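In what follows, a structure is listed as structure tokens, so that the remarks can point back to it.
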Amino acid sequence: MLFRLLVTLQKNKHHIAFLLSVILSLTFIYYSPSSEYSYFQHSINSVTNYIKSPFTRFSELSKARLENEMLREQLLLKTLEKEALVAQGAENIKLKEMLEFRDTQKLNIIAAKIINKGLTTSINTVTIDIGSLNGVKANDPVITPNGVIGKIYSVESETAVVHLINDPDFRIGVRFLPSAETGILRWKANNICEVREVYKNSEINVGDNVITSGLGDIFPPGLPIGPVTSVADTRDEFQKIVSVKIKENLNALYYLFVIID
Amino acid sequence: MKNYIIPLIIALLAQLFLSNILSIRGVKPDFIIIFIIYFALNQGSFRGVVIGFTLGLVISIFDSSPEIGVLPLTYSILGYGFGLLSNYKQQLASLKFNIYCYFLLFFSFFVYNYFLFDSIFYNDFSLFIIYWLKNMIYTITLIVIFQLIFPFRK
Chain A
7 MLFRLLVTLQ
17 KNKHHIAFLL
27 SVILSLTFIY
37 YSPSSEYSYF
47 QHSINSVTNY
57 IKSPFTRFSE
67 LSKARLENEM
77 LREQLLLKTL
87 EKEALVAQGA
97 ENIKLKEMLE
107 FRDTQKLNII
117 AAKIINKGLT
127 TSINTVTIDI
137 GSLNGVKAND
147 PVITPNGVIG
157 KIYSVESETA
167 VVHLINDPDF
177 RIGVRFLPSA
187 ETGILRWKAN
197 NICEVREVYK
207 NSEINVGDNV
217 ITSGLGDIFP
227 PGLPIGPVTS
237 VADTRDEFQK
247 IVSVKIKENL
257 NALYYLFVII
267 D
Chain Z
2 MKNYIIPLII
12 ALLAQLFLSN
22 ILSIRGVKPD
32 FIIIFIIYFA
42 LNQGSFRGVV
52 IGFTLGLVIS
62 IFDSSPEIGV
72 LPLTYSILGY
82 GFGLLSNYKQ
92 QLASLKFNIY
102 CYFLLFFSFF
112 VYNYFLFDSI
122 FYNDFSLFII
132 YWLKNMIYTI
142 TLIVIFQLIF
152 PFRK
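Given below as structure tokens:
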């Protein structure tokens, strides 16, 4: 009888082992581990964690590298966003100034945006987004709140080309204040213009204001040009040469005004 | 039996040290399952159950698993099932044999996920299915690759 039982057990040992393992596993699952077991598991974990540490560090390093790359991308995006905000802020200030300038002007002026630069290679020009449909004509004066910067060179229906003051062929008749002496202004370099044809005995000093004289047909009298920065009076010259600073940065122009009437 | 010592050590080391590194979105591969399958297919269901239960217990202790009985139960089912299948290795057609093998794998993963996420099983069954498939797919892919190199049935 016992022998037969042993034979049966031996025959079905895999079933019995499976049954036992299932019962044991379910016991482990449904009966929470004791505090002694937790302590035992904690001790084993500290040993395994110590052995695992090089692998964990390697994994953390690779994660840190990925995170670093991601953060760099984010930083670049944020920097670009910040730059865009700074540019918008600067543009906002400029537009505010222009709005105030337009409100204080008695002249009939129209605002324009620069849409292209240096389209013509032979002269210094910019293209603006208004044209004959807006009432713009050739030779209309072009100004900014800082003073005269050019005149209209050619006009299309919706665009116009502005001949800038920094072109070597550009000339304006100017007057010095308070002496009221006149001369002809031309571009020299680095935002400095020269006024020639000024009488030698005229009373001109550094810091005097220069405005348009109105003696030509193009520019009305009284438009600001800039302050006098130096006066050259040499013996071998029959006239004085006066340097005038143009306040407007011509390389950073966004918007300008055209005097249309 | 001696032939299985080195593969067992490799599987244990891979499970303890490599599985975390190879995890994809929190899903880790299970190298022990692969070992148990090949072991049970060659050594039978008794040894399969014993090694499955023991390895499940060891991994649970070393891997600080709060549900200590889940892995022994899963590995025992695998050891027992693949051990029984080993008796029919030659009788069953290749396709049928493989279908039984993968059915057994699906079932063991179902048991594993049921005990780990039982509350999800009763509250959100579709989410449970997602968890089940997510946990299963990585290891099953590895088993398929392994099977191309070392087929279940030579």
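Those sequence lines, one after another, are chains A and Z. Start counting the first sequence at 7; every next residue gets the next number (my numbering). Start counting the second sequence at 2; every next residue gets the next number (my numbering). Ideal Cβ positions, reconstructed from N, Cα and C, are used throughout, including at glycine. Bear in mind that the values here come from a model prediction, so they are computed numbers and not experimental data.
Distances from the CA of A:Lys123 to each of A:Thr165, A:Asn51, A:Gly232 were compared; the closest alpha carbon is that of A:Thr165. In the DSSP assignment, Z:Ile35 falls within the unbroken alpha helix (DSSP H) covering 32-44. In this structure, the alpha-carbon of Z:Tyr123 lies about 18 Å from that of Z:Phe108. In the DSSP assignment, Z:Gln16 falls outside any alpha helix (DSSP H), carrying neither H nor E. DSSP lists A:His169 as the bridge partner or partners of A:Thr131. Judged by DSSP secondary structure, A:Lys119 falls outside any alpha helix (DSSP H) and instead within the beta strand (DSSP E) spanning 115-123. Here Z:Arg154 is not bridged, per DSSP, to any residue. For the segment 73-85 of chain Z, residues whose beta-carbon sits nearer than 7 Å to a beta-carbon of chain A comprise Pro73, Leu74, Ser77, Tyr81, Gly84. Per the Cβ contact rule, the segment 30-44 of chain Z is in contact with the segment 73-80 of chain Z (3 or more Cβ pairs under 8 Å).
Contact between A:Val154 and A:Thr218 holds: their C-beta atoms lie close to 6 Å from each other, under 8 Å. Per DSSP, A:Pro230 is one residue of the beta strand (DSSP E) stretching across 230-238.
Secondary structure of Z:Pro8 (DSSP, three-state): helix.
Of A:Glu87, A:Ile149, A:Asn98, the smallest CA-CA separation from A:Arg108 is found for A:Ile149. When A:Ile266, A:Phe24, A:Ile134 are compared, the shortest CA-CA separation from A:Ile224 is found for A:Ile266.
One Cα belongs to A:Val132, the other to A:His169, and the distance between them is close to 7 Å.
In the structure shown, Z:Tyr132 falls within a helical segment according to DSSP collapsed to helix, strand and coil. Residues of chain Z with a Cβ closer than 7 Å to the Cβ of A:Val28 are, in chain order, Leu74, Ser77.
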